[in-house]
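Number of protein chains: 2
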Amino acid sequence: MDTMGRHVISELWGCDFDKLNDIEFIEKTFVDAALKSGAEIREVAFHKFAPQGVSGVVIISESHLTIHTFPEHGYASIDVYTCGHLDPTIAADYIADKLGAQTRETIELPRGMRPIEVKKAQAL
Amino acid sequence: MDTMGRHVISELWGCDFDKLNDIEFIEKTFVDAALKSGAEIREVAFHKFAPQGVSGVVIISESHLTIHTFPEHGYASIDVYTCGHLDPTIAADYIADKLGAQTRETIELPRGMRPIEVKKAQAL
Numbered sequence: 131m132d133t134m135g136r137h138v139i140s141e142l143w144g145c146d147f148d149k150l151n152d153i154e155f156i157e158k159t160f161v162d163a164a165l166k167s168g169a170e171i172r173e174v175a176f177h178k179f180a181p182q183g184v185s186g187v188v189i190i191s192e193s194h195l196t197i198h199t200f201p202e203h204g205y206a207s208i209d210v211y212t213c214g215h216l217d218p219t220i221a222a223d224y225i226a227d228k229l230g231a232q233t234r235e236t237i238e239l240p241r242g243m244r245p246i247e248v249k250k251a252q253a254l
Numbered sequence: 131m132d133t134m135g136r137h138v139i140s141e142l143w144g145c146d147f148d149k150l151n152d153i154e155f156i157e158k159t160f161v162d163a164a165l166k167s168g169a170e171i172r173e174v175a176f177h178k179f180a181p182q183g184v185s186g187v188v189i190i191s192e193s194h195l196t197i198h199t200f201p202e203h204g205y206a207s208i209d210v211y212t213c214g215h216l217d218p219t220i221a222a223d224y225i226a227d228k229l230g231a232q233t234r235e236t237i238e239l240p241r242g243m244r245p246i247e248v249k250k251a252q253a254l
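Residue numbers (our numbering), protein chains in the order written: chain A, 131 to 254; chain B, 131 to 254.
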């Protein structure tokens, strides 16, 4: 397996409180995002916090997708990391759309190649 | 909960093949790393690949720790992301030491504050 990977980090702002606080919605969105990007799902683990917030991960054969939500701030912190030929932006775009993010800051890091450098940064 | 977080990304090279391929060792190392950093563990999910390689995550109240190993390349791809007052470098340092990494490239990203920028980069 080649070490080369693409790691997309997205900061989503202005998301809907109820969506960010709905663990079933978040988990389904992440599973769907992984499948849409062509990933093979290996492990799924999500957790609901009190009084609000959801954290979770989908481990895929090609690395992982994670989320941490802060409904009271309309904020979701997203990582989509893929190795192989998958395009992590497919999943990241899908998640941002499903959460109704009004503002999105994204960077992409190449992984498994040294040195680490930020490949691109974009604010949408 | 404050959105402010610290995300340490470490690329570990020159690690021992057998350690990188030992799911029980990797899982224990990650659980111990989380506890040493003062985190509260919520979910633990690790997966062993054939013919080699381990992926996994520890979801903590304060965000997550993830790993993907490529034993045949002596490479491990590490993320330690903490919110609150935890110091993610404690866990990242512990993991690098336990895996016997000979070379380590690390960057730290602030999360939950816009815009995203790389806070520091270091090669050890």
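In this text, a Cβ means the ideal position worked out from N, Cα and C, and glycines have one as well. In this text, all values refer to a predicted model and were calculated from it rather than measured experimentally.
_Residue from B/K166, B/L165, B/T236 and B/S185 whose Cα sits closest to the Cα of A/E173_ = The candidate whose alpha carbon is nearest that of A/E173 is B/S185.
*For B/M131, decide whether its Cβ has a neighbour in chain A, counting only Cβ atoms nearer than 8 Å.*
So, interface residue.
*For B/Y255, return the contacting residues in chain A, with the cut-off set at a CB-CB distance below 9 Å.*
Nothing can be reported for residue 255 of chain B, as the shown portion of chain B is limited to 131 through 254.
*Beta carbon proximity, A/T159 to chain B, threshold 8 Å*: Not a single CB atom of chain B sits nearer than 8 Å to the CB of A/T159.
*For B/P181, does the count of other Cβ atoms within 10 angstroms reach 16, so buried, or fall short, so exposed?*
Exposed is the label assigned to B/P181, since fewer than 16 other Cβ atoms lie within 10 Å of its Cβ.
*asked:* So that I know if they touch, is there some Cβ in chain B lying closer than 8 Å to that of A/E235?
replied: Closer than 8 Å to some Cβ of chain B, the Cβ of A/E235 qualifies, so yes.
*Can you name the residues of chain B whose CB is closer than 9 Å to the CB of A/A175?*
Within 9 Å Cβ-Cβ: R172, E173, V174, A175, V187 and I189.
_A/T200 versus A/V210, A/H215, A/H177 and A/L216, residue with shortest Cα-Cα distance_ = Checking the sequence, you will find Phe at residue 200 of chain A rather than Thr. Residue A/H177 is the option with its Cα nearest to A/F200.
*From A/T196 to B/A221, what distance separates their C-alpha atoms?*
Cα-Cα distance, rounded: 19 Å.
*asked:* Whole angstroms are fine: how far does the CA of B/D146 sit from the CA of A/T233?
replied: Each residue's alpha carbon lies about 42 Å from the other.
*Within chain A, the residues that B/I225 reaches when beta carbons sit closer than 7 Å*: Residues of chain A whose Cβ lies closer than 7 Å to the Cβ of B/I225 do not exist, since the nearest Cβ in that chain is about 16 Å away.
*asked:* So, under 8 Å CB-CB, B/R136 and B/E238 are touching, yes? Tell me the CB distance rounded to an integer number of Å.
replied: So it is a contact: roughly 6 Å between Cβ atoms.
*Where does A/H74 land, buried or exposed, given buried means 16+ other C-beta within 10 angstroms?*
For residue 74 of chain A there is no data in the structure shown, the boundaries of chain A being 131 and 254.
*B/S167 touches chain A at which residues, Cβ-Cβ below 7 Å?*
Simply none; closest approach about 16 Å.
_Same chain, Cβ closer than 8 Å to A/F179, neighbours up to 5 away in sequence not counted_ = S185.
*Quick one, are the C-beta atoms of B/V187 and A/H194 less than 8 Å apart?*
When the beta-carbon positions are compared, B/V187 and A/H194 come within less than 8 Å of each other.
*Does A/H194 get closer than 8 Å to chain E when you measure Cβ to Cβ?*
In the structure shown, chain E cannot be found, because the protein chains are A and B.
*Under the rule that 16 or more other beta-carbon atoms within 10 Å means buried, what is A/G242, buried or exposed?*
Buried, since its Cβ has 16 or more Cβ neighbours within 10 Å.
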